[in-house]
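Protein chains in written order, with my numbering: chain A, 46 to 159; chain B, 667 to 782. A virtual CB, placed ideally from N, CA and C, is assigned to each residue, including glycine.
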Amino acid sequence: KAGVTQTPRYLIKTRGQQVTLSCSPISGHRSVSWYQQTPGQGLQFLFEYFSETQRNKGNFPGRFSGRQFSNSRSEMNVSTLELGDSALYLCASSFVPGRAYEQYFGPGTRLTVT
Amino acid sequence: DQQVKQNSPSLSVQEGRISILNCDYTNSMFDYFLWYKKYPAEGPTFLISISSIKDKNEDGRFTVFLNKSAKHLSLHIVPSQPGDSAVYFCAASGGAGGTSYGKLTFGQGTILTVHP
Numbered sequence: 046k047a048g049v050t051q052t053p054r055y056l057i058k059t060r061g062q063q064v065t066l067s068c069s070p071i072s073g074h075r076s077v078s079w080y081q082q083t084p085g086q087g088l089q090f091l092f093e094y095f096s097e098t099q100r101n102k103g104n105f106p107g108r109f110s111g112r113q114f115s116n117s118r119s120e121m122n123v124s125t126l127e128l129g130d131s132a133l134y135l136c137a138s139s140f141v142p143g144r145a146y147e148q149y150f151g152p153g154t155r156l157t158v159t
Numbered sequence: 667d668q669q670v671k672q673n674s675p676s677l678s679v680q681e682g683r684i685s686i687l688n689c690d691y692t693n694s695m696f697d698y699f700l701w702y703k704k705y706p707a708e709g710p711t712f713l714i715s716i717s718s719i720k721d722k723n724e725d726g727r728f729t730v731f732l733n734k735s736a737k738h739l740s741l742h743i744v745p746s747q748p749g750d751s752a753v754y755f756c757a758a759s760g761g762a763g764g765t766s767y768g769k770l771t772f773g774q775g776t777i778l779t780v781h782p
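Spelled out as structure tokens, the structure:
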């Protein structure tokens with residue numbers, strides 16, 4: 046069974062631009078979560094989606110947003126990019142929500158903001 | 667506020683010996699703990715977990731110990747192998763409210779290097 050896929054794998058953007066990252070969960074998984082990994086802050090939870098609804102949100106500014114589609118695929122958007130947004134963005138899926146301990150992670154999207 | 671802490675940024679071990687990775691947490695509401703292994707350019711891979719009702723869980727070469735009173739957990743790898751070289755993250759789940767189980771709080775990670 047195919048794992049969690051994330052596109053694109055690498056992205057370079059300029060400060061002030063916006064970016065959209067995509068995540069396709071494992072087939073049958075209906076919950077998707079997003080995490081940001083930076084050298085300084087480590088892995089931090091961004092948000093969790095289930096049935097096209099955001100169930101949980103981390104401590105990130107409103108420039109970070111996401112959504113989930115009816116096929117469980119998810120996108121996250123970062124507007125007005127800042128240098129500090131350079132990070133590895135990880136998507137994780139699980140069969141049902143509220144079970145972070147059953148999440149499977151994708152390979153991530155490496156975003157570089159210049 | 668770092669609720670999950672891994673105070674050792676790196677650990678170097680000889681092949682065949684034991685690797686012990688440590689993790690401390692501050693939120694007493696956490697009740698499920700996990701260890702992940704991560705290689706560069708890949709997402710974290712689940713290794714082993716433990717519920718707060720247990721103090722030990724074992725899976726092959728990997729054992730996780732939980733000391734709730736000390737708010738401390740550790741991962742033991744015996745025997746260590748060069749292929750175990752990776753970044754290890756501990757994570758915690760749970761807390762106030764049902765939706766809290768959908769969120770993992772991670773430590774900063776420990777780079778384990780196992781020398782042949």
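- Taking a contact to require three or more Cβ pairs closer than 8 Å, the segment 89 to 106 of chain A and the segment 54 to 73 of chain A do not qualify as touching.
- Per DSSP, reduced to three states, the secondary structure at A:Leu-126 is coil, with no helix or strand assignment.
- The C-alpha of B:Asn-673 lies about 14 Å from the C-alpha of A:Gln-86.
- One alpha carbon belongs to B:Ser-676, the other to B:Gly-749, and they sit about 16 Å apart.
- Per the Cβ contact rule, the segment 705 to 723 of chain B is in contact with the segment 135 to 155 of chain A (3 or more Cβ pairs under 8 Å).
- Take the alpha-carbon of A:Thr-157 and the one of B:Thr-779: they are about 28 Å apart.
- Identification of chain A residues near B:Ser-718 by a Cβ-Cβ cut-off of 8 Å yields none; the smallest Cβ-Cβ distance measures about 12 Å.
- Cβ-Cβ distances below 6 Å link A:Arg-118 to Ser-69 in the same chain, with the five nearest sequence neighbours on each side left out; the list follows chain order.
- A:Tyr-134 counts as buried, since no fewer than 16 other beta carbons sit within 10 angstroms of its beta carbon.
- Taking C-beta atoms under 8 Å as the contact rule, A:Arg-155 and A:Tyr-55 qualify, at a distance of about 5 Å.
- With 16 or more other CB atoms across the displayed protein chains lying within 10 angstroms of its CB, A:Met-121 is buried.
- Taken in chain order, the members of the segment 733 to 759 of chain B whose beta-carbon sits within less than 7 Å of a beta-carbon on chain A are Phe-755, Ser-759.
- Counting along the chain, the unbroken beta strand (DSSP E) around A:Glu-93 starts and ends at 87 to 95.
- Short of 8 Å from the beta carbon of A:Arg-60, and not among the five residues preceding or following it, lie these beta carbons of its own chain, in chain order: Leu-126, Glu-127, Leu-128, Val-158, Thr-159.
- If you draw a 10 Å sphere on the C-beta of A:Val-123, you find 16 or more other C-beta atoms in it, and that means buried.
- Chain-ordered listing is empty here: chain B has no CB closer than 9 Å to the CB of A:Gly-107, the nearest sitting near 18 Å.
- When the alpha-carbon of B:Ser-685 is set against those of B:Ser-751, B:Met-695, B:Ala-757, the nearest one is in B:Ser-751.
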